[in-house]
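Participant: Would you mind keeping the following structure in view while I ask a few things?
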């Protein structure tokens with residue numbers, strides 16, 4: 001393909017932009033807290049869009065439109081379940097987790113929070129949780145690398161392994177360089193691009209074909225059942241699709257976005273931004289699939305490739321409807337979706353290795369500079385394993401990725417909710433919930449009982465195991481209960497409109513300036529050394545005080 005091809009040029013410019021943002025994150029990173037949690041200084045806008053982008057991945061532009069194209073509007077139940085689950089996660093978990101993780105020793109990762117929450121001096125819970133995250137997310141990362149490779153392979157006719165390395169190296173580079181800040185800032189750009197693509201494309205189809213009513217008539221004429229929201233679904237089928245929303249409570253790469261917010265007071269605005277973005281994007285994705293079906297039903301000579309692979313509906317519509325340069329920009333949204341999720345998963349894995357395993361067992365004091373570079377080394381290590389797994393795209397090990405959403409949701413979802421809402425939960429109850437939830441998902445998937453999505457029985461049985469074991473276990477210590485009560489008091493103070501102990505409360509000026517202030521910080525530190533152990537705590541008023 002010629003180098004001047006509009007799509008190739010657009011993709012190249014986009015990748016260079018991501019690397020540039022990664023460099024800004026590099027200049028603003030001074031310690032491990034900065035590298036794996038952004039120093040807890042994300043405002044509402046970046047918190048919202050980074051949470052949304054890290055969640056949706058390529059499924060939003062490929063999987064969901066493809067499902068609607070192939071099966072009709074019955075596929076909207078997954079979108080509804082996800083929207084409800086995301087909203088509940090923001091309402092029940094986000095602000096509470098932000099406050100409780102800070103109260104629990106300023107925990108930087110989910111395993112560290114659980115260890116502090118239960119006062120687990122043995123670190124057993126931390127190790128188990130970190131290993132579960134590491135195993136599942138490494139497989140997740142392999143899936144993301146394959147998705148990126150398939151995109152480059154399809155768009156540019158590259159050989160699979162060449163495409164694999166191009167897609168992987170682009171993402172690895174800015175995660176390695178800039179850490180959490182780079183990931184969050186690039187996620188914000190990527191979420192904006194995804195939003196634009198999912199708004200513009202269905203509007204263009206409708207403008208070309210006349211009206212939504214005409215599209216409905218065209219689809220009904222060819223596929224009468226595709227306009228039925230229930231289609232051939234049995235009640236359990238609808239329940240299974242709605243149950244996808246339960247997964248949100250246990251996804252580490254989404255939960256860390258809440259932990260990184262500047263303050264709990266930033267959460268309500270972030271929730272409104274994220275849910276608006278998410279609902280509009282989901283509607284746009286459904287519209288791409290449905291109106292795309294109408295478009296190609298009227299033009300069967302153009303839709304042969306889509307009929308063979310429905311997940312290419314967005315790509316096919318974009319190339320048919322728009323001039324090459326605009327099409328290249330919109331197609332970059334697919335790359336944005338893939339990179340946003342892959343980058344978050346790489347960083348969560350690196351955090352588990354660095355903060356929860358290496359730092360836990362390291363002898364003596366380890367400097368912040370060394371920890372940052374160990375974190376970077378872990379990004380490379382996890383990425384290397386993911387690429388090796390992805391070298392064979394048909395490898396059966398990649399099929400295990402289908403367990404990951406349900407596995408995280410069932411293993412960690414009830415536990416996260418319990419630690420925030422029920423002070424009586426115990427460490428042994430937590431371990432029981434993780435084991436039973438994950439095991440139920442694995443077993444249920446193998447047997448496929450009742451055609452019920454495995455997250456639902458896993459979530460219910462894992463939650464029951466957690467409650468039963470906690471009830472029969474020794475009550476938490478006075479220290480653990482006091483820490484929980486202190487977090488709840490602080491949360492209530494914030495909800496009532498103020499928290500004198502919180503130096504990071506959002507102001508209207510700060511709230512919209514996350515990325516701009518980060519750029520300013522990066523520029524201001526051009527003379528500083530990377531990985532300096534001093535600086536941010538003394539240099540910026542938004543630094544998180546050490547408890």
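Residue numbers (the UniProt record's numbering): 1 to 547.
Idealized CB from N, CA, C, for every residue including glycine.
So the candidates are 470, 405, 421, 483; which of them puts its Cα closest to the Cα of residue 133?
Facilitator: Residue numbering aside, residue 133 sits at position 133 when the chain shown is read from its first letter. Taking only the C-alpha atoms, the option nearest residue 133 is 405.
Participant: So within the segment 251-313, which uninterrupted alpha helix (DSSP H) runs reach at least 4 residues, ignoring any that extend past its ends?
Facilitator: Entirely contained in the segment 251-313, the alpha helix (DSSP H) runs reaching 4 residues are, in chain order, 252-259, 267-297, 304-308.
Participant: Apart from the five residues on each side of it in sequence, which residues of its chain come closer than 6 Å, Cβ to Cβ, to residue 6?
Facilitator: Translated into the one-based positions of the chain shown, residue 6 becomes position 6. Excluding residues within five positions, the ones whose Cβ falls inside 6 Å are 324, 325, 328.
Participant: Just verifying my parser: in three-state terms, what is the DSSP assignment at residue 423?
Facilitator: Looking up residue 423 in the chain shown gives position 423. Of the three classes helix, strand and coil, the one that applies to residue 423 here is coil, per DSSP.
Participant: Measure how close the beta-carbons of residue 247 and residue 409 come, nearest whole angstrom, since I'm counting them as under 8 Å.
Facilitator: The residue labelled residue 247 in the question sits at position 247 within the chain shown. The residue labelled residue 409 in the question sits at position 409 within the chain shown. At roughly 3 Å, the Cβ-Cβ gap stays under 8 Å, so residue 247 and residue 409 are in contact.
Participant: Evaluate the contact criterion for the segment 419-435 versus the segment 468-484: three or more CB pairs, one atom per stretch, below 8 Å.
Facilitator: Short answer: they touch.
Participant: So residue 454 is in the alpha helix (DSSP H); what residue range does that whole segment cover?
Facilitator: Here residue 454 refers to the residue found at position 454 when the chain shown is read from its first residue. Run containing residue 454: none; DSSP gives neither H nor E here.
Participant: For residue 236 and residue 242, what's the separation of their Cα atoms in angstroms?
Facilitator: As a first step, residue 236 is located in the chain shown; it is residue number 236 there, counting from the start. As a first step, residue 242 is located in the chain shown; it is residue number 242 there, counting from the start. Computed Cα separation, rounded: 10 Å.
Participant: Report the three-state DSSP secondary structure of residue 233 (helix, strand or coil).
Facilitator: Within the chain shown, residue 233 is the residue found at index 233, counting from 1. In the structure shown, residue 233 sits in coil (DSSP, three-state: anything other than H, G, I, E or B).
Participant: Alpha carbons only, please: which of 473, 379, 230 is nearest the one belonging to residue 176?
Facilitator: As a working mapping, residue 176 is identified with position 176 in the chain shown. Answer by Cα proximity: 379.
Participant: Inspect the beta-carbon positions of residue 289 and residue 484 and report whether they are closer than 9 Å.
Facilitator: The count along the chain shown starts at 1 and reaches residue 289 at position 289. The count along the chain shown starts at 1 and reaches residue 484 at position 484. Not a contact, by the Cβ cut-off of 9 Å.
Participant: Please report the distance separating the alpha-carbon of residue 313 from that of residue 81.
Facilitator: Counting from one through the chain shown, the residue named residue 313 turns up at place 313. Counting from one through the chain shown, the residue named residue 81 turns up at place 81. Spanning the two alpha carbons is a distance of roughly 23 Å.
Participant: Name the two residues that bound the continuous alpha helix (DSSP H) containing residue 349.
Facilitator: As a working mapping, residue 349 is identified with position 349 in the chain shown. Its alpha helix (DSSP H) spans residues 324-351.
Participant: Among the candidates 417, 336, 72, whose CA atom is the shortest distance from the CA of residue 232?
Facilitator: Here the question's residue 232 lines up with position 232 in the chain shown. Here the closest residue by C-alpha is 72.
Participant: How about residue 295 and residue 222: are their beta carbons less than 9 Å apart?
Facilitator: Numbered from 1 along the chain shown, position 295 holds the residue referred to as residue 295. Numbered from 1 along the chain shown, position 222 holds the residue referred to as residue 222. No, they are not a contact pair.
Participant: How big is the Cα-Cα spacing for residue 11 and residue 286?
Facilitator: Here residue 11 corresponds to residue number 11 of the chain shown, with the count starting at 1. Here residue 286 corresponds to residue number 286 of the chain shown, with the count starting at 1. Residue 11 and residue 286: Cα-Cα distance of roughly 25 Å.
Participant: If contacts are defined as beta-carbon pairs under 8 Å, then residue 338 and residue 144 qualify, I think. What distance do you get, rounded to the angstrom?
Facilitator: Counting from one through the chain shown, the residue named residue 338 turns up at place 338. Counting from one through the chain shown, the residue named residue 144 turns up at place 144. With a Cβ gap of about 6 Å, residue 338 and residue 144 count as contacting.
Participant: For residue 318, collect the residues of the same chain with a Cβ closer than 7 Å to its Cβ; drop the 5 residues on either side in sequence, then sort them by chain order.
Facilitator: Position 318 of the chain shown, counted from the start, is the residue given in the question as residue 318. Cβ within range, chain order: 201, 327, 330, 331.
Participant: Return the residue from the list 441, 179, 266 that minimises the CA-CA distance to residue 407.
Facilitator: Taking the chain shown and counting its residues from 1, one reaches residue 407 at position 407. Comparing Cα-Cα distances from residue 407 to each of 441, 179, 266, the minimum goes to 441.
Participant: If you pair each beta-carbon of the segment 339-358 with each one of the segment 293-311, do three or more pairs fall below 8 Å?
Facilitator: No, they do not touch.
Participant: Does the segment 102-109 come into contact with the segment 265-276, if we say contact requires no fewer than three beta-carbon pairs (one atom in each stretch) closer than 8 Å?
Facilitator: They do not touch, by the three-pair rule.
Participant: Do residue 553 and residue 334 have their CB atoms nearer than 9 Å?
Facilitator: Past the boundaries of the shown model lies residue 553; the chain is included only from 1 to 547, so the question cannot be answered.
Participant: My understanding is that residue 250 touches residue 412, with C-beta atoms under 8 Å, so please give their C-beta distance in whole angstroms.
Facilitator: Here residue 250 refers to the residue found at position 250 of the chain shown. Here residue 412 refers to the residue found at position 412 of the chain shown. At roughly 3 Å, the Cβ-Cβ gap stays under 8 Å, so residue 250 and residue 412 are in contact.
Participant: Kindly identify the DSSP beta-bridge partner or partners of residue 42.
Facilitator: Translated into the one-based positions of the chain shown, residue 42 becomes position 42. Residue 42 pairs with 261.
Participant: Consult DSSP for residue 5 and reduce its assignment to one of helix, strand or coil.
Facilitator: Counting from 1 along the chain shown, the entry for residue 5 is found at position 5. DSSP places residue 5 in coil when its eight states are reduced to three.
Participant: Could you please give the first and the last residue of the uninterrupted alpha helix (DSSP H) stretch that includes residue 156?
Facilitator: As a working mapping, residue 156 is identified with position 156 in the chain shown. Per DSSP, residue 156 belongs to the alpha helix (DSSP H) from 124-156.
Participant: Can you tell me where the alpha helix (DSSP H) holding residue 220 begins and where it ends?
Facilitator: Here residue 220 is taken as the residue at index 220 of the chain shown, counted from 1. Segment 212-222, the alpha helix (DSSP H) holding residue 220.
Participant: Using beta carbons (cut-off 9 Å, strictly below), is residue 24 in contact with chain B?
Facilitator: Reference to chain B is not applicable here, since this structure consists of a single protein chain.
Participant: Using only alpha-carbon positions, find the residue among 196, 486, 417 that is nearest to residue 460.
Facilitator: Position 460 of the chain shown holds residue 460. With distances taken between Cα atoms, residue 460 lies closest to 417.
Participant: Is residue 277 closer than 9 Å to residue 48 when the C-beta atoms are compared?
Facilitator: By 1-based counting over the chain shown, the position of residue 48 is 48. By 1-based counting over the chain shown, the position of residue 277 is 277. Their beta carbons are under 9 Å apart, which means residue 48 touches residue 277 by this criterion.
Participant: Any idea what DSSP makes of residue 477, helix, strand or coil?
Facilitator: Position 477 of the chain shown, counted from the start, is the residue given in the question as residue 477. Reduced to three states, the DSSP call for residue 477 is coil.
Participant: Please state the DSSP three-state secondary structure of residue 29.
Facilitator: Locating residue 29 in the chain shown gives position 29, where the first residue counts as 1. In this structure, residue 29 counts as coil in the three-state DSSP scheme.
Participant: Does the ligand GTP have a heavy atom nearer than 8 Å to the CB of residue 490?
Facilitator: Of ligands this structure carries none, so the ligand GTP is not represented either.
Participant: Can residue 352 and residue 171 be called in contact, C-beta distance under 9 Å?
Facilitator: The residue given as residue 352 occupies position 352 in the chain shown. The residue given as residue 171 occupies position 171 in the chain shown. Taking 9 Å as the Cβ cut-off, residue 352 and residue 171 do not qualify as a contacting pair.
Participant: Pull up the CB-CB distance for residue 32 and residue 479, whole angstroms please, since I reckon it's below 8 Å.
Facilitator: Position 32 of the chain shown, counted from the start, is the residue given in the question as residue 32. Position 479 of the chain shown, counted from the start, is the residue given in the question as residue 479. Between residue 479 and residue 32 the Cβ distance is about 26 Å, and since that is not below 8 Å, they are no contact.
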